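Position in the sequence shown (first residue = 1) + 22 = our numbering.
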Amino acid sequence: MRLTNFSDYTLRMLMFAASAGHQLFTIEETARAFGVSKAHLNKVANTLTRAGYLVAVRGRSGGLKLGRRPEDIRIGDVIRLTEPDFALVECFATGNQCTITRCCKLSTMLHDALLSFQSTLDRYTLADIALKPTDFLGDTSRA
């Protein structure tokens with residue numbers, strides 16, 4: 023299983039936001055720190071803002087900041103927000119055409135594995151994976 027780039031960028035943006043503390047940060051700063059396109063991060067920021075994980079401050083000196091305490095942002099919730107589905111195999115998805123679904127034992131095992139994956143992510147919060155501003159080597163403006 024592999025998370026989408028969108029989920030990866032979402033987690034990175036939240037880590038960057040946590041490192042900023044109460045200071046505003048910009049999408050440009052985040053893009054520079056990770057070497058990721060601003061267009062991708064705009065989509066990420068919009069999703070995180072709509073979900074309340076980030077707050078957008080408009081205006082000339084605006085930017086973004088965390089909308090919740092890092093301790094209150096569960097990684098599992100973030101991943102469920104950003105992943106389009108968790109269909110590890112065809113029978114997990116709508117429109118299943120697999121001919122052995124009625125007797126297959128693989129789906130039970132994979133379902134258990136998926137639940138373990140999600141349960142593990144639910145045990146961690148943004149506070150557990152937060153970094154210091156100096157950890158973002160690509161962005162020297164925050165050092």
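All C-beta atoms, glycine included, are put in the ideal place defined by N, C-alpha and C.
All figures in this text were calculated on a predicted structure; none of them were measured in a lab.
Write down the C-beta distance between residue i and residue j rounded to the nearest angstrom, noting that I regard them as a contact closer than 8 Å.
i    : j    : result
I97  : L143 : 5 Å
S41  : E105 : The pair is not a contact, with the Cβ atoms about 24 Å apart (cut-off 8 Å).
I189 : L63  : In the structure displayed, the chain extends from 23 to 165; residue 189 sits before or after that span and is not available.
L103 : A61  : 20 Å between Cβ atoms; not a contact.
T71  : V77  : 7 Å
A39  : K87  : 7 Å
I101 : Y75  : About 12 Å; that fails the 8 Å criterion.
Tell me whether residue i is buried or exposed, calling it buried when 16 or more other Cβ atoms sit within 10 Å of its Cβ.
i    : result
Y146 : exposed
V79  : exposed
A55  : buried
T156 : exposed
A67  : buried
G43  : exposed
G85  : buried
From the DSSP output, which residues share a beta bridge with residue i?
i   : result
G85 : V79
R96 : T147
Cβ of residue i less than 8 Å from any chain D Cβ?
i   : result
F28 : Among the protein chains of the structure shown there is no chain D, as only one such chain exists.
What number of angstroms, rounded off, separates the C-alpha of residue i from the C-alpha of residue j?
i    : j    : result
T130 : G89  : 38 Å
T26  : D107 : 10 Å
D150 : T121 : 43 Å
L153 : L33  : 12 Å
R24  : L128 : 19 Å
A135 : S83  : 46 Å
L132 : L110 : 7 Å
F114 : Q45  : 42 Å
V58  : E51  : 10 Å
Q119 : E93  : 42 Å
D99  : C126 : 30 Å
R91  : L148 : 9 Å
Please confirm whether any heavy atom of the ligand SAM lies closer than 7 Å to the CB of residue i.
i    : result
L103 : The ligand SAM is not part of the structure shown, which contains no ligands of any sort.
I'd like the ranges of any alpha helix (DSSP H) spanning at least 4 consecutive residues and lying wholly in the region 25 to 62. 27 to 42 and 49 to 56, all fully within the region 25 to 62.
Any alpha helix (DSSP H) of 4 or more consecutive residues that is wholly inside the region 97 to 135: Within the region 97 to 135, the alpha helix (DSSP H) runs of at least 4 residues that lie entirely inside it are, in chain order, 97 to 104.
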